[in-house]
């Protein structure tokens, strides 16, 4: 059995570790590229959203490399994603590929269902073995999130452009290679040291931007045109509303282990969106309010073209932005997204929040506060 | 010799130059067709400015904007490279400090910029369709056999405008042909086009934005009196058209260059001199085979020497040559 799965940011690192430690052979699809996109667009229905298309591209590339089992996530609620695994299975079958597809649905109250499916993939390994493999994968996921946060904070103030990204890239390899939690601790120490050594430009004053929206477009840099890196280059420290480990805690863990903050954050969306609209629609709005309260300078809202939950969110954004006086810009992404156009908008957005910030600090000087 | 600041706006349809003096007065403006050859347009503009002033001016700073801002910066040597939204806003509030809304329609893009107390608070650019832009009007004028300069005045003569479907450039065109064949008068069709364009702009670009007066209308299309009137009728507000409406981007870039040089007193301008116009500039590209992204990397040569590279996602080629 050769297992493959779709890409979503750095998720491949912990997933690969998890399966490999259970003795399952893993084929990681090549990193998302123009070729992935072209394959996906060619074989997917046009009006499906970009995540489905990129998934199809990933699967085809991995199947060509010899994978025979696809592990795909399921979904719940009004977002179409829950149906994607079925559509993808049909598309790939029609193309003549032979494979087995295992769909992991988020456990709706039945945590053991998820465990049972994992047992099936891993050839009936014991619960203990699964939890051991899970621990290392989890430690890696935590470190990856920490790494993302560090890189986002340093990138806008680095003296030599590109230095952070070089260290980041190297760190990914190190984390991927680590074979034990002990080794991972060493890797972490090294990353922290190297990040601390990056020379900073004292003249650069970063602005703070929050990134909200549909999970896939927020987490997969290829799809969002490397928005985090681009904003970093423009002098903005970026915080994402979604980090993998938080998402897992909120969605995959049994309810007694779920973090409490999540529900409280969601309450912030209540005046605008009262109920679950699928995907992260409600979260996006809640996070905008949260970022405004935490003193962020602006928010960028990402969604794939035709994403229903985020379109619902988008329709309330003008009033949310006005009431909480925080600039919000929405970027809609699909295979037609033009990089130059996105760059122009990002530059203008950063200019806008810088101007606003300067004006505020002038006010403070004048009023003597 | 007067100290001057030069702003260059390289757009899809036009390449514009604005030259201002130390006090911000406009000394010279140029509106040139880009015609798909931006390098030529830039060097021609430089030559024309040099010819009109000879040695009377000294360039103290240069700003570039527009979709070709990076290219212009490499050729001319720029101190400031700014996106067109900021450049347009800066030019507008310098002349009309109270502006609260800017409608800007250019050759291939249209934008709305919302300002409050002289600060940009929101903006949007067209995303899906070019039905509301200059190129589209140009083409339709051609189809009707009317010089674009007279488009607006003819539209204003209309008593009974025809309704034209303006949601999509292609459908608008076929609807217009249909109306022509039905025998509607040219002025009524033109007025109908103006109204369709304005409706489309307000529905797509300006959706969800609060348009408050004073409203300033700029960009090449502001020359079209028919569009101006259609905006006034639709919004029920007076529309201001600035003196230099067609070169506001370039003017903004010049003002930004002036500001930047004032803030960095010791900095020397990166302006390459008017000689730059006489150097040989060539652009070439190749497909990087480093990974399946197959990025198309662009290389700019000046007199045979490689001076800039861009277009790669990973930074393999551009990292050491960033503009």
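Protein chains in written order, with full-length UniProt numbering: chain W, 1 to 369; chain G, 1 to 323.
Here a beta-carbon is modelled for each residue, glycine too, at the ideal position from N, C-alpha and C.
**Message:** Checking the sheet assignment: what are the DSSP bridge partners for residue 123 of chain G?
**Reply:** G:113
**Prompt:** Of the residues W:306, W:323 and W:350, which one's Cα is nearest the Cα of residue 333 of chain W?
**Reply:** W:306
**Asked** Which partner residues does residue 9 of chain G have in the DSSP bridge list?
**Response** G:16 and G:65
**Message:** When you compare the region 296-306 of chain W with the region 42-51 of chain W, are there three or more beta-carbon pairs, one atom per stretch, that lie closer than 8 Å?
**Reply:** yes
**Item:** As assigned by DSSP and simplified to three states, the class of residue 243 of chain W
**Value:** coil
**Asked** When you check each C-beta in the region 277-300 of chain G against every C-beta of chain W, which residues fall closer than 7 Å?
**Response** 291, 292, 293 and 294
**Asked** For residue 21 of chain G, which residues does DSSP report across the bridge?
**Response** G:4
**Inter-residue spacing [alpha-carbon to alpha-carbon] between residue 228 of chain G and residue 239 of chain G** = 7 Å
**Request:** Using a Cβ-Cβ cut-off of less than 7 Å, list which residues of the region 350-361 of chain W approach chain G; keep chain order.
**Result:** 351, 352, 355, 356 and 359
**Asked** What is the DSSP secondary structure of residue 158 of chain W, reduced to helix, strand or coil?
**Response** strand
**Request:** Please confirm if the region 53-63 of chain G is in contact with the region 263-276 of chain G, defined as three or more CB-CB distances below 8 Å between the two stretches.
**Result:** yes
**Prompt:** What do you get for residue 182 of chain G, buried or exposed, if any count of 16 or more other CB atoms within 10 angstroms of its CB means buried?
**Reply:** exposed
**Message:** Looking at chain G, is there any beta carbon in it that lies within less than 7 Å of the beta carbon of residue 33 of chain W?
**Reply:** yes
**Item:** residue 120 of chain W versus residue 83 of chain W - alpha carbon distance
**Value:** 22 Å
**Message:** Nearest by alpha-carbon distance to residue 248 of chain G: which of G:26, G:3 and G:136 is it?
**Reply:** G:26
**Request:** Give every residue of the same chain whose Cβ lies closer than 7 Å to the Cβ of residue 90 of chain G, excluding the five residues on either side of it in the sequence, and list them in chain order.
**Result:** 252, 255 and 256
**Prompt:** Would the beta-carbon of residue 104 of chain W fall within 7 Å of that of residue 245 of chain W?
**Reply:** no
**Item:** Limits of the unbroken beta strand (DSSP E) element including residue 303 of chain W
**Value:** 298-304
**Message:** I want to see whether chain W comes within less than 7 Å of residue 123 of chain G, judged by CB atoms only; does it?
**Reply:** yes
**Message:** Just verifying my parser: in three-state terms, what is the DSSP assignment at residue 240 of chain G?
**Reply:** strand
**Message:** On the DSSP letters alone, give me the boundaries of the beta strand (DSSP E) that residue 284 of chain W sits inside.
**Reply:** Not the beta strand (DSSP E): residue 284 of chain W falls in the alpha helix (DSSP H), residues 281-293.
**Asked** Hey, out of G:6, G:18 and G:187, whose CA is closest to residue 244 of chain G's CA?
**Response** G:18
**Message:** Output needed in chain order: residues of the region 67-99 of chain G with a Cβ under 8 Å from some Cβ in chain W.
**Reply:** 67, 82, 83, 84, 85 and 86
**Asked** By Cβ distance below 6 Å, which residues in the same chain neighbour residue 22 of chain G in space, the five residues on each side in sequence not counted?
**Response** 3
**Request:** Report yes if the C-beta distance between residue 365 of chain G and residue 224 of chain G is below 7 Å; otherwise report no.
**Result:** Nothing can be reported for residue 365 of chain G: it is not among the residues displayed for chain G, which extend from 1 to 323.
**Item:** Cβ distance (whole Å) where residue 218 of chain G is taken to contact residue 104 of chain G below 8 Å
**Value:** 5 Å
**Prompt:** In angstroms, rounded to a whole number, what distance separates the CA positions of residue 204 of chain W and residue 101 of chain G?
**Reply:** 31 Å
**8 Å CB neighbourhood of residue 33 of chain G in its chain, flanking five on each side removed** = 13, 14, 15 and 41
**Prompt:** Can residue 297 of chain G and residue 311 of chain G be called in contact, C-beta distance under 7 Å?
**Reply:** yes
**Prompt:** Taking 7 Å as the CB-CB limit, is residue 185 of chain W close to chain G?
**Reply:** no
**Asked** Helix, strand or coil: how does DSSP classify residue 317 of chain G here?
**Response** coil
**Contacts around residue 124 of chain G, its chain only, beta-carbon distance under 6 Å, and the 5 residues preceding and following it disregarded** = 112 and 205
**Item:** Beta carbon proximity, residue 216 of chain G to chain W, threshold 7 Å
**Value:** no
**Asked** Is DSSP giving residue 272 of chain G helix, strand or coil here?
**Response** coil
**Message:** Less than 7 Å between C-beta atoms, sequence neighbours within five positions excluded: which residues of the same chain meet that for residue 89 of chain W?
**Reply:** 101
**residue 289 of chain G in three-state terms, based on DSSP** = coil
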